[in-house]
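For any residue, its number in our numbering is found by taking its place in the sequence shown, counting from 1, and adding 1.
What follows is a set of notes on a single structure, which appears directly below.
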Amino acid sequence: MSQQEIEVILARHLAEYLAMPIIIAEPNGDLLFYNEPAELIVGVRYNETGPMSAGQWAAAFQPLDAEGNPLPEEDRPLLRALTQQCPSHKSFWIRGADGMLRKVEVTAFPLKAQAGRFLGALAIFWEVAP
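Next up, the structure:
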């Protein structure tokens, strides 16, 4: 694992203490961290997966539309925050690593340091009633 910027380290520490599910991704889309509340939705503990490539975690935590089709990348808030470097929000379904299907609301935003350095993105999400 590469050395992380202090802002990303601080974001991870903050996520560890919050009750909201949070995912942090690197600029290239690799999953850097998700907190304990997120484990309940993604269906697997972080200490069992650790950091994952973008392809690995997209396959493990499948985002789906209301009809059960894979959600296009341009409709995924975290990917929009990474590729367009702007905040994004959407409601969709996720099939976790445990096979359970859950409806979630996701808000994601880019992580930018001083002088506009792009460090990745952070998503806050929660399960909602179908």
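Backbone N, C-alpha and C define an ideal beta-carbon position, used for all residues, glycine too.
Taken atom to atom, the span from the alpha-carbon of residue 55 to that of residue 15 is near 23 angstroms.
Rounded to the nearest whole angstrom, the CA to CA distance from residue 74 to residue 81 is 8 angstroms. In this structure, DSSP gives residue 40 a helical state, which the three-state scheme calls helix. Here residue 126 has 22, 105, 107 as same chain residues with Cβ atoms under 6 angstroms from its own Cβ, once five neighbours each way along the sequence are excluded. Going by beta carbons, residue 93 and residue 123 fall outside the 8 angstroms limit. Burial is judged here by how many other beta carbons sit within 10 angstroms of a residue's own beta carbon; residue 129 has fewer than 16 and is exposed. For residue 24, the closest alpha carbon among the candidates 7, 110, 91, 6 is that of 110.
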